[in-house]
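Before any comments, here is the structure.
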Amino acid sequence: MKPRPADVLVVKFQALGDVLRTTSLLAPLRRRGCRIWWLTKPDARGLLEHSPHLEGLYAADPGDSAAAARMARRLAGRFDLVLSLEEHPAAARIAKSACRGELVGVTLEGGRLSYTPSSAPWYGMSLLAADRAAADERKAANRRSYAELWLGILGLKGGRALPALRLLPRDRAAARRLRARRELRGGGPPIAFNFGAGERWPAKRIGEEKAARLLVAAGRAFGRPLLVLSGKEDEEVRRSRRAVAAAARIDPSLRLLLTPRLPLRPFAALIEGCAALVTTDSLALHVAAALAVPAVALVGPTSAAELDFHGRGRALTPPDGCSCFYAARCARRRPCLDDIAEASVVAALRRCL
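The sequence shown begins at 1150 in this note's numbering and counts up by one.
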């Protein structure tokens, strides 16, 4: 990496949790003297708006070839350093067009996606690696967090690398109205639960019966109200609703509230007001990290080592490991995440609280 580049472009579109955790690189880049812009998808803007670290924000859909071509022309030759962090041909084209200096990350060569040698510590463990079996072995053996890997790639040493999310009073006002609901009154700030994951990673989800048992165990252990984050997809809402109903049947005394579908920023503000979060490896986990909310993450098919709790929580993994590491769907009838004991989750929550 060349010393002290003036203008930097981050190209990162998805997933939302990955966009948010990548913001951990912004403050270290600013400390080096960089001016930073970001290119993302429209639905991720809410995670980046009002950031004190960004000079500007661009949004485009890489699936819209005409819009991507316009963005490539608009940004052509403007940046000394481009972090090309999206495994998508249109995103890689925009990144190459925008760069007048050094490009780090995903490239498009001869119509095929590849990556720069400088970014091998990360992309050498990815789907872009030529030897997938070796990449999977490196992924499983890795013990550095996402931020640590990228700080090393960029030669950024010293200081903290926290994800950044700046909320506004109107975001918090929407969350306060929901927390004023009768189900959440008394007993202190609620404990939040996120049992779902996006459509791309069903193997990350916690089973409905397991989710119900976790709610009952936490409610009985701490006497706090319990807030279940429903998600945005229809199936996730239905699964969360069934888990809440099952928990209520086991223990009708529990104070449970299933949230409605929420816009991105009020969703984050709702997590900010909670005492702790129990979650999968998902957007909710990265929101908690950005807003200093202690979190307990149940992690199976993805890399627990890459998650950084900044001293406020921990990852719990199945006692016998995960047999579907980095597979989208679990091959087992009983998902490995269900093997994590409720007592282990309660103990981890107790340390958080």
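All C-beta atoms in this analysis are idealised placements derived from N, C-alpha and C, irrespective of residue type, glycine included.
Consider the C-beta atom of Cys1248 and the heavy atoms of the ligand PLP; say whether any pair is separated by less than 7 Å.
The model on display carries no ligand, and the ligand PLP is accordingly not part of it.
Could you check what DSSP says for Arg1414 in three-state terms: helix, strand or coil?
helix
Counted within 10 angstroms of its Cβ, other Cβ atoms place Pro1554 as buried (16 or more) or exposed
Residue 1554 lies beyond the range of the chain shown here (1150 to 1502); nothing can be said about it.
Are Leu1314 and Pro1177 touching if we call contact CB-CB under 8 Å?
no
From the DSSP output, in three-state form, read off Ala1425 for me.
strand
Once DSSP output is grouped into helix, strand and coil, what is the label at Glu1455?
If DSSP states are grouped into helix, strand and coil, Glu1455 belongs with the helices.
Do you know offhand how far Ala1392's Cα is from Leu1378's?
11 Å
Could you compute how far the alpha carbon of Ala1244 sits from the alpha carbon of Leu1234?
9 Å
DSSP three-state assignment for Arg1334, whether helix, strand or coil:
coil
Below 8 Å, can you find three or more Cβ-Cβ pairs linking the stretch 1191-1206 to the stretch 1163-1174?
yes
Could you give the residue range of the beta strand (DSSP E) that holds Ile1399?
No beta strand (DSSP E) contains Ile1399, which is instead part of the alpha helix (DSSP H) from 1383-1399.
Status (buried if at least 16 other CB within 10 Å, exposed otherwise) for Ala1346
buried
On the DSSP bridge assignment, give the partners of Ile1489 in chain order.
For Ile1489, no pairing in a beta bridge is given by DSSP.
The beta strand (DSSP E) that contains Ile1185, what's its start and end?
1184-1189
Pick out whichever of Met1274, Arg1223, Ala1284, Pro1339 has its Cα sitting closest to the Cα of Ala1444.
Pro1339
To which residues does DSSP link Glu1258 through a beta bridge?
Arg1261
Starting from the C-beta of Gly1422, find all residues in its chain whose C-beta is less than 7 Å away, skip the five residues before and the five after it, and write them out in chain order.
If we look at Gly1422 and ignore the five residues flanking it on each side, its Cβ neighbours are Ala1324, Arg1328, Pro1338.
Could you tell me which of Pro1211, Lys1190, Phe1228, Ala1217 sits nearest to Glu1204, measuring between CA atoms?
Phe1228
Three-way DSSP call (helix, strand, coil) for Leu1156 in this model
Before going further, note that residue 1156 is Asp rather than Leu in the sequence given. Strand, per DSSP.
What does the Cβ neighbour count give for Ser1452, buried or exposed, with the cut at 16 atoms within 10 Å?
buried
Of all the beta strand (DSSP E) runs that stay within the bounds of the stretch 1195-1269, which reach a length of 3 or more residues?
1205-1208, 1228-1233, 1248-1258, 1261-1264
Coarse secondary structure for Ala1279, derived from DSSP in three states:
coil
If contacts are defined as beta-carbon pairs under 8 Å, then Ala1521 and Leu1364 qualify, I think. What distance do you get, rounded to the angstrom?
Given that the chain is displayed from residue 1150 to residue 1502, the structure contains no residue 1521 and the question cannot be resolved.
To the nearest angstrom, how far is it from the Cα of Leu1375 to the Cα of Pro1415?
In this structure, the CA atom of Leu1375 is about 18 Å from the CA atom of Pro1415.
Just mark Arg1242 as buried or exposed, buried being the case when its beta carbon has 16 or more other beta carbons within 10 Å.
buried
Counting only the same chain and skipping the five closest in sequence on each side, list residues whose C-beta sits under 7 Å from that of Arg1354.
Cβ within range, chain order: Phe1344, Gly1345, Ala1346, Thr1429.
Contacting residues, own chain, Cβ-Cβ under 7 Å from Val1495 (five flanking each side not counted):
Ala1366, Ala1367, Ala1370
Bounding residues of the alpha helix (DSSP H) (the contiguous stretch that carries Ile1302)
1295-1303
For a quick check, are the C-beta atoms of Ala1418 and Asp1320 less than 8 Å apart?
yes
Own chain residues within Cβ distance below 6 Å of Phe1342, not counting five before or after
Val1377, Val1427
Out of Asp1457, Gly1460, Ala1446, which has the shortest C-alpha to C-alpha gap to Leu1493?
For the sequence presented, residue 1493 should be read as Ser rather than Leu. Considering only alpha carbons, the answer is Ala1446.
Extent of the continuous beta strand (DSSP E) to which Val1445 belongs
1444-1447
Is the distance from the Cβ of Ala1437 to the Cβ of Val1448 below 8 Å?
no
Less than 8 Å between the beta carbons of Glu1332 and Leu1277, yes or no?
The answer is no: Cβ separation not under 8 Å.
How would you label Ile1399, buried or exposed, when you count the other beta carbons within 10 angstroms and need 16 or more for buried?
exposed
Straight-line Cα distance separating Val1231 from Val1160
7 Å
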